[in-house]
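Asks: Chains as they are written, first to last, in the numbering used here: chain Y, 897 to 1314; chain C, 897 to 1314.
For glycine and all other residues, C-beta sits at the position ideal for the given N, C-alpha and C.
Predicted model only: the values in this text are computed from it and were never measured.
There are 2 protein chains.
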Amino acid sequence: MSIAEKVVAIAQDARQAALAMARLSTTTKNDMLRRMAVALENGAPDLVVENLKDLEAGRLKGLSAAMLDRLMLDDKRIRGIADALREIAALPDPVGEVTKMWKRPNELMVGKMRIPLGTIGIIYESRPNVTADAAALCLKAGNAVVLRGGSEAIHSNLAIAKILQDILKEMNIPTAALSLIPFTEREGVLEMLKQEESIDLIIPRGGESLIRFVVENSRIPVIKHYKGVCHVFVDQSADFDKAEQIIINSKTQRPGVCNALETLLIHKDVAAEFIPKIAASLTALGVELRGDEAFRRYAPSATPATEADWYAEYLELILACRVVDDIDAAIAHINRYCSLHTESIITSDYSRAQRFIREVNSSCVMVNASTRFADGGQLGLGAEIGISTTKLHSFGPMGLEDLTTTKFIVYGDGQVRE
Amino acid sequence: MSIAEKVVAIAQDARQAALAMARLSTTTKNDMLRRMAVALENGAPDLVVENLKDLEAGRLKGLSAAMLDRLMLDDKRIRGIADALREIAALPDPVGEVTKMWKRPNELMVGKMRIPLGTIGIIYESRPNVTADAAALCLKAGNAVVLRGGSEAIHSNLAIAKILQDILKEMNIPTAALSLIPFTEREGVLEMLKQEESIDLIIPRGGESLIRFVVENSRIPVIKHYKGVCHVFVDQSADFDKAEQIIINSKTQRPGVCNALETLLIHKDVAAEFIPKIAASLTALGVELRGDEAFRRYAPSATPATEADWYAEYLELILACRVVDDIDAAIAHINRYCSLHTESIITSDYSRAQRFIREVNSSCVMVNASTRFADGGQLGLGAEIGISTTKLHSFGPMGLEDLTTTKFIVYGDGQVRE
Chain Y
897 MSIAEKVVAI
907 AQDARQAALA
917 MARLSTTTKN
927 DMLRRMAVAL
937 ENGAPDLVVE
947 NLKDLEAGRL
957 KGLSAAMLDR
967 LMLDDKRIRG
977 IADALREIAA
987 LPDPVGEVTK
997 MWKRPNELMV
1007 GKMRIPLGTI
1017 GIIYESRPNV
1027 TADAAALCLK
1037 AGNAVVLRGG
1047 SEAIHSNLAI
1057 AKILQDILKE
1067 MNIPTAALSL
1077 IPFTEREGVL
1087 EMLKQEESID
1097 LIIPRGGESL
1107 IRFVVENSRI
1117 PVIKHYKGVC
1127 HVFVDQSADF
1137 DKAEQIIINS
1147 KTQRPGVCNA
1157 LETLLIHKDV
1167 AAEFIPKIAA
1177 SLTALGVELR
1187 GDEAFRRYAP
1197 SATPATEADW
1207 YAEYLELILA
1217 CRVVDDIDAA
1227 IAHINRYCSL
1237 HTESIITSDY
1247 SRAQRFIREV
1257 NSSCVMVNAS
1267 TRFADGGQLG
1277 LGAEIGISTT
1287 KLHSFGPMGL
1297 EDLTTTKFIV
1307 YGDGQVRE
Chain C
897 MSIAEKVVAI
907 AQDARQAALA
917 MARLSTTTKN
927 DMLRRMAVAL
937 ENGAPDLVVE
947 NLKDLEAGRL
957 KGLSAAMLDR
967 LMLDDKRIRG
977 IADALREIAA
987 LPDPVGEVTK
997 MWKRPNELMV
1007 GKMRIPLGTI
1017 GIIYESRPNV
1027 TADAAALCLK
1037 AGNAVVLRGG
1047 SEAIHSNLAI
1057 AKILQDILKE
1067 MNIPTAALSL
1077 IPFTEREGVL
1087 EMLKQEESID
1097 LIIPRGGESL
1107 IRFVVENSRI
1117 PVIKHYKGVC
1127 HVFVDQSADF
1137 DKAEQIIINS
1147 KTQRPGVCNA
1157 LETLLIHKDV
1167 AAEFIPKIAA
1177 SLTALGVELR
1187 GDEAFRRYAP
1197 SATPATEADW
1207 YAEYLELILA
1217 CRVVDDIDAA
1227 IAHINRYCSL
1237 HTESIITSDY
1247 SRAQRFIREV
1257 NSSCVMVNAS
1267 TRFADGGQLG
1277 LGAEIGISTT
1287 KLHSFGPMGL
1297 EDLTTTKFIV
1307 YGDGQVRE
């Protein structure tokens, strides 16, 4: 069989296995995840051996130290992966939940029941933990999963997948419910993206170039976000201490992630008082400031911002800063330049808080909170399979529920249509 | 400007207008729909004149009497369209609803708020009422809408769109919130399907060939269903009178629609008693029966069914019939041959009713009810914009809520991430 033929077979087998997955009881699924956790811990010595092959190949290919660190598995990290599976086992099962139910005038009872989506394809880069994490979330929601990891992690991924599949086999669950595409060639992923009859949804996890490649080549719906250009707007009524804490946290707590702050907007009435204060704090923390003219009047050491800065996702200690006339101008700036990720207003004014919540179009809109809370775990979804900045199906951080859909259920007693 | 350039401009203007639509109050939207209803009634004489041009062109092109009837507008039908708009005005506004809200351990309040999807593209065939109906649903849910109707109805569609746009103008709402592609060339629809930066969702309404054309050519997500191969399963515990009424209603009340019954499954234990009875009733109503060998033992006048019959959406008075060993065989048959539309079990057994609800994969699963209830209006959605048999975003009949998505809203008091 060619690579393409094997990928087609994997996808078709996954489609079949999805029917079996959808019927598993919650108890069985949780038992499965806990056994997988134990098996990963027991398999740690073998996993480390396989991981060394990837690390060795990575060093020969000249991967950066940061990349090699992402790739590395040791006992502690493997215990972390196992614990993540136990946490997923402990989450409520979304499948079977009747999200609402109502009665029609003819006494029909009509409801909507959560069911698994079917088969989920995950395409990801170098972190081998995704192999276990993403698979566990898909399986918990009653789906089959087809994984395609980065070529740098292929030995680690195959070893993890094998350990998880052995548990499926042990429990008489079709092993095709969890498949890993065993090829590193581009042909394999391209073929996977054509299997719209077998795979219901593709979730890419990685950098913007990976995501664009997937979107451009997929016939299957893709849920994705390209970047996070997150804003904080300091309103004229803001508590300056809270504002400062939130800005510092949003920008510096972990600057390299998509929910970090990239653009700060400040109301003109508080510019003179607040800008020198926040500029000093941020500069002391090593943040480079790029401001418009009005901002630089109160922070002369800031460099001039250009139009490109308003679109920029720096992912490092750089912050674009702008003074705005009022909340209308702030909302207009955000709705024009944002990436529909996360925006926060700092205010003590009730009406403007509510207006910001209502009128900002992003997937996460906050009042008096750090943008860093835009995360499935932090928001209480239990675990995160990804973030969507496109509105269809899911918008914002995605948890287990986003790996399900609903069907209509109708309880009658002989009703016919007139 | 070329056709393509004009379509791009229409889509971009719609994207802008969507921002204004999203901010309209419920009162304004309802007022808008009621004014549109009055304007359609007042414009009836002009509408009829424009409609006559389409009818005349249709006659010259040799359209069938059924097609011409679908195309035809008279005072009564125009009043019907206006009444439909008033009904949509009376429906609850989904936008702004907070579907749930919860508290995090750090006292953050996190919720999900319904917001409009953005811009919806509707591609449809000959019925001009869709121009008003579909547009009204999209606008009520706070979206902009780009319509592309069939070439046979172009004069009627343009006249209806003009009347509706005049109301938008009168109310200072951007008229680009409701656009009709004014070209009948294929180029126009192909270009529309490429505007993924401006249009969020495409809903095709029409026959299978239209839908396949849209799916094959769209870069925008498409929500669709190709066909409805609906099943009724008569369980061994079924009340025969209810079973008979439901089967007759499902098959004959309106055989040409997607929620009509196409395949009847009967438990072997009741075959001898029930088949002669139901076969006689259906035959008396003009239904042609195609049965497997076991079915024909008790209904000798039925013709033999072939494998193709299990996949068939007849849309006329033909019914495929099969005897099955048990509920497992019934569910297996359905999950293999169905189109994920609607299936109903006739039973008085509690456990099997619940198993059927749980294990059948279709978008509408019923107990003791006619498949003809699989309709947005009948299920209580208020109105129907379409039916989805793909699981992403919506599954089953779609109402106003399906034209929205949700964003996360977060109310904090200075929280930062540790």
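Counting pairs of Cβ atoms below 8 Å between the region 1131-1138 of chain C and the region 1100-1116 of chain C, do you hit three or more?
Replies: With the cut-off at 8 Å, the region 1131-1138 of chain C and the region 1100-1116 of chain C do not touch.
Asks: Are the CB atoms of leucine 1089 (chain Y) and valine 1110 (chain Y) nearer to each other than 8 Å?
Replies: Numbered from 1 along the first sequence, position 193 holds the residue referred to as residue 1089 (chain Y). Numbered from 1 along the first sequence, position 214 holds the residue referred to as residue 1110 (chain Y). Against a cut-off of 8 Å, the Cβ pair of valine 1110 (chain Y) and leucine 1089 (chain Y) comes out as a contact.
Asks: Pick from Y:Lys1287, Y:Thr1148, Y:His1163, Y:Val1085: whose alpha carbon is nearest that of leucine 1185 (chain Y)?
Replies: Stepping through the first sequence from its first residue, residue 1185 (chain Y) is reached at position 289. Nearest of Y:Lys1287, Y:Thr1148, Y:His1163, Y:Val1085 to leucine 1185 (chain Y), Cα basis: Y:Thr1148.
Asks: Flag alanine 1265 (chain Y) as yes if its beta-carbon sits less than 8 Å from any beta-carbon of chain C, otherwise no.
Replies: In the first sequence, the residue the question calls residue 1265 (chain Y) occupies position 369. For alanine 1265 (chain Y), the answer is yes, since a Cβ of chain C falls inside 8 Å of its Cβ.
Asks: Taking CB distances under 8 Å as the criterion, tell me whether isoleucine 1019 (chain C) reaches chain Y.
Replies: Position 123 of the second sequence, counting from 1, holds the residue named residue 1019 (chain C). Taking Cβ atoms only, chain Y never reaches closer than 8 Å to isoleucine 1019 (chain C), which makes this a no.
Asks: Please check if any C-beta of chain C sits within less than 8 Å of the C-beta of glutamate 1140 (chain Y).
Replies: Taking the first residue of the first sequence as 1, we reach residue 1140 (chain Y) at position 244. Chain C contact via Cβ: absent.
Asks: Who are the near neighbours of glycine 939 (chain C) in its chain, counting only those whose CB is closer than 6 Å to its CB and skipping five residues on each side?
Replies: One-based indexing of the second sequence puts residue 939 (chain C) at position 43. Excluding residues within five positions, the ones whose Cβ falls inside 6 Å are Ile1059.
Asks: Could you tell me which residues DSSP pairs with tyrosine 1210 (chain C) in its beta bridges?
Replies: To locate residue 1210 (chain C), count along the second sequence from 1; it is residue 314. DSSP, once it has assigned bridges, lists no residue as partnering tyrosine 1210 (chain C).
Asks: At a Cβ threshold of 8 Å, is serine 1258 (chain C) touching chain Y?
Replies: Counting from one through the second sequence, the residue named residue 1258 (chain C) turns up at place 362. Closer than 8 Å to some Cβ of chain Y, the Cβ of serine 1258 (chain C) qualifies, so yes.
Asks: Which residues in chain Y sit within 8 Å of leucine 1288 (chain C), going by Cβ to Cβ distance?
Replies: Within the second sequence, numbered from 1, the residue matching residue 1288 (chain C) stands at position 392. Leu1013, Asp1096, Leu1097, Pro1117, Leu1288, His1289, Thr1301, listed in chain order.
Asks: Going by DSSP in three states, valine 1263 (chain Y) sits in which element: helix, strand or coil?
Replies: To locate residue 1263 (chain Y), count along the first sequence from 1; it is residue 367. Looking at valine 1263 (chain Y) - three-state DSSP - the assignment turns out to be strand.
Asks: Measure the alpha-carbon distance for asparagine 1264 (chain C) versus serine 1146 (chain C) and round it to whole angstroms.
Replies: Reading the second sequence from its first residue, position 368 is the one you call residue 1264 (chain C). Reading the second sequence from its first residue, position 250 is the one you call residue 1146 (chain C). Those two C-alpha atoms are separated by around 11 Å.
Asks: CB-CB under 6 Å to glutamate 993 (chain C), same chain, minus the five flanking residues each way: which ones, in chain order?
Replies: Locating residue 993 (chain C) in the second sequence gives position 97, where the first residue counts as 1. Correct list, in chain order: Arg1010.
Asks: Is phenylalanine 1382 (chain C) helix, strand or coil by DSSP?
Replies: Because chain C spans 897 through 1314 in this model, residue 1382 (chain C) falls outside it and cannot be assessed.
Asks: Below 6 Å CB to CB, which residues in the same chain sit around isoleucine 1050 (chain C) once its five sequence neighbours on both sides are set aside?
Replies: Within the second sequence, the letter at position 154 stands for residue 1050 (chain C). Once the five neighbours on either side are set aside, the close Cβ partners of isoleucine 1050 (chain C) are Thr1080.
Asks: Between C:Glu1158, C:Ala1180, C:Arg1192, which lies nearest to glutamate 1209 (chain C) when the distance is taken from Cα to Cα?
Replies: Residue mapping note: residue 1209 (chain C) aligns to position 313 of the second sequence, counting from 1. Glutamate 1209 (chain C) has its Cα closest to that of C:Glu1158, out of C:Glu1158, C:Ala1180, C:Arg1192.
Asks: Is it right to say tyrosine 1020 (chain Y) is buried, meaning 16 or more other beta carbons lie within 10 angstroms of its own, or is it exposed?
Replies: In the first sequence, counting from the first residue as 1, residue 1020 (chain Y) sits at position 124. That one is buried.
Asks: To the nearest angstrom, report how far apart glycine 1014 (chain C) and isoleucine 977 (chain Y) are at their CA atoms.
Replies: Indexing the second sequence from 1 puts residue 1014 (chain C) at position 118. Indexing the first sequence from 1 puts residue 977 (chain Y) at position 81. The alpha-carbon atoms of glycine 1014 (chain C) and isoleucine 977 (chain Y) are separated by roughly 39 Å.
Asks: From what residue to what residue does the beta strand (DSSP E) around serine 1105 (chain C) run?
Replies: Within the second sequence, residue 1105 (chain C) is the residue found at index 209, counting from 1. Looking at the DSSP string, serine 1105 (chain C) is not in any beta strand (DSSP E); the run it does join, the alpha helix (DSSP H), is 1104-1113.
Asks: Less than 8 Å between the C-beta atoms of arginine 982 (chain C) and arginine 911 (chain C), yes or no?
Replies: Along the second sequence, read from residue 1 onward, the residue named residue 982 (chain C) stands at position 86. Along the second sequence, read from residue 1 onward, the residue named residue 911 (chain C) stands at position 15. No, Cβ-Cβ distance for arginine 982 (chain C) and arginine 911 (chain C) is not below 8 Å.
Asks: Would you tell me roughly how many angstroms separate the C-alpha atoms of arginine 1082 (chain C) and serine 1235 (chain C), rounded to the nearest one?
Replies: Indexing the second sequence from 1 puts residue 1082 (chain C) at position 186. Indexing the second sequence from 1 puts residue 1235 (chain C) at position 339. Taking the straight line from one Cα to the other gives about 29 Å.
Asks: Could you name the residues that DSSP lists as bridge partners for cysteine 1126 (chain Y)?
Replies: As a first step, residue 1126 (chain Y) must be located in the first sequence, where it is residue number 230. According to DSSP, cysteine 1126 (chain Y) bridges with Y:Leu1157.
Asks: Determine the direct distance from the alpha carbon of methionine 968 (chain C) to that of alanine 1270 (chain Y), and round the result to whole angstroms.
Replies: The residue labelled residue 1270 (chain Y) in the question sits at position 374 within the first sequence. The residue labelled residue 968 (chain C) in the question sits at position 72 within the second sequence. Distance between the alpha carbons of alanine 1270 (chain Y) and methionine 968 (chain C): 53 Å.
Asks: Please name the residue or residues paired with leucine 1327 (chain C) in a DSSP beta bridge.
Replies: Any question about residue 1327 (chain C) goes unanswered here, given that chain C covers just 897 to 1314.
Asks: Distance check for phenylalanine 1191 (chain C) and alanine 1226 (chain C), CA to CA, integer angstroms please.
Replies: The sequence position of residue 1226 (chain C) within the second sequence is 330, counting from 1. The sequence position of residue 1191 (chain C) within the second sequence is 295, counting from 1. Cα to Cα, alanine 1226 (chain C) sits roughly 14 Å from phenylalanine 1191 (chain C).
Asks: Look at serine 1266 (chain Y) and isoleucine 1142 (chain Y) and say whether their C-beta atoms are less than 8 Å apart.
Replies: In the first sequence, the residue the question calls residue 1266 (chain Y) occupies position 370. In the first sequence, the residue the question calls residue 1142 (chain Y) occupies position 246. It is a contact, given that the beta carbons lie within the stated cut-off.
Asks: Taking DSSP as the reference, what is the three-state secondary structure of cysteine 1234 (chain C)?
Replies: Indexing the second sequence from 1 puts residue 1234 (chain C) at position 338. Coil at cysteine 1234 (chain C), not helix or strand.
Asks: Return the bridge partner residues of isoleucine 1242 (chain Y) from the DSSP annotation.
Replies: By one-based count along the first sequence, residue 1242 (chain Y) stands at place 346. Answer is Y:Val1130.
Asks: Quick one: using the 10 Å Cβ neighbour count with 16 as the cut-off for buried, is methionine 997 (chain Y) buried or exposed?
Replies: As a working mapping, residue 997 (chain Y) is identified with position 101 in the first sequence. Counting Cβ neighbours within 10 Å, methionine 997 (chain Y) comes out exposed, since fewer than 16 surround it.
Asks: Going by DSSP, name the residue or residues bridged to glutamate 1184 (chain C).
Replies: If you number the second sequence from 1, residue 1184 (chain C) lands on position 288. Answer is C:Ile1214.
Asks: Roughly how many angstroms separate the alpha carbons of isoleucine 1018 (chain C) and isoleucine 1241 (chain C), rounded to a whole number?
Replies: The residue given as residue 1018 (chain C) occupies position 122 in the second sequence. The residue given as residue 1241 (chain C) occupies position 345 in the second sequence. In a straight line, the C-alpha of isoleucine 1018 (chain C) is about 34 Å away from that of isoleucine 1241 (chain C).
Asks: Examine the Cβ distances between the region 920-929 of chain C and the region 1173-1180 of chain C and report whether three or more of them are shorter than 8 Å.
Replies: Judged by Cβ distances under 8 Å, the region 920-929 of chain C makes no contact with the region 1173-1180 of chain C, as fewer than three pairs qualify.
Asks: Pop quiz: arginine 973 (chain C) and leucine 964 (chain C) are said to be a contact at Cβ under 8 Å. What is the actual Cβ separation, rounded to whole angstroms?
Replies: Residue 973 (chain C) sits at position 77 when you count from the first residue of the second sequence. Residue 964 (chain C) sits at position 68 when you count from the first residue of the second sequence. Incorrect: roughly 13 Å between the Cβ atoms, too far for contact.
Asks: For the alpha helix (DSSP H) that contains serine 1052 (chain C), what are its first and last residues?
Replies: Numbered from its first residue, the second sequence carries residue 1052 (chain C) at position 156. Its alpha helix (DSSP H) spans residues 1050-1066.
Asks: Can you confirm whether aspartate 1245 (chain Y), when its beta carbon is compared against all beta carbons of chain C, has any partner nearer than 8 Å?
Replies: Numbered from its first residue, the first sequence carries residue 1245 (chain Y) at position 349. No - not a single Cβ of chain C is within 8 Å of the one on aspartate 1245 (chain Y).
Asks: Is alanine 914 (chain Y) near the ligand SAM - that is, is its Cβ less than 7 Å away from at least one heavy atom of it?
Replies: The ligand SAM is absent from the structure shown, which contains no ligands of any kind.
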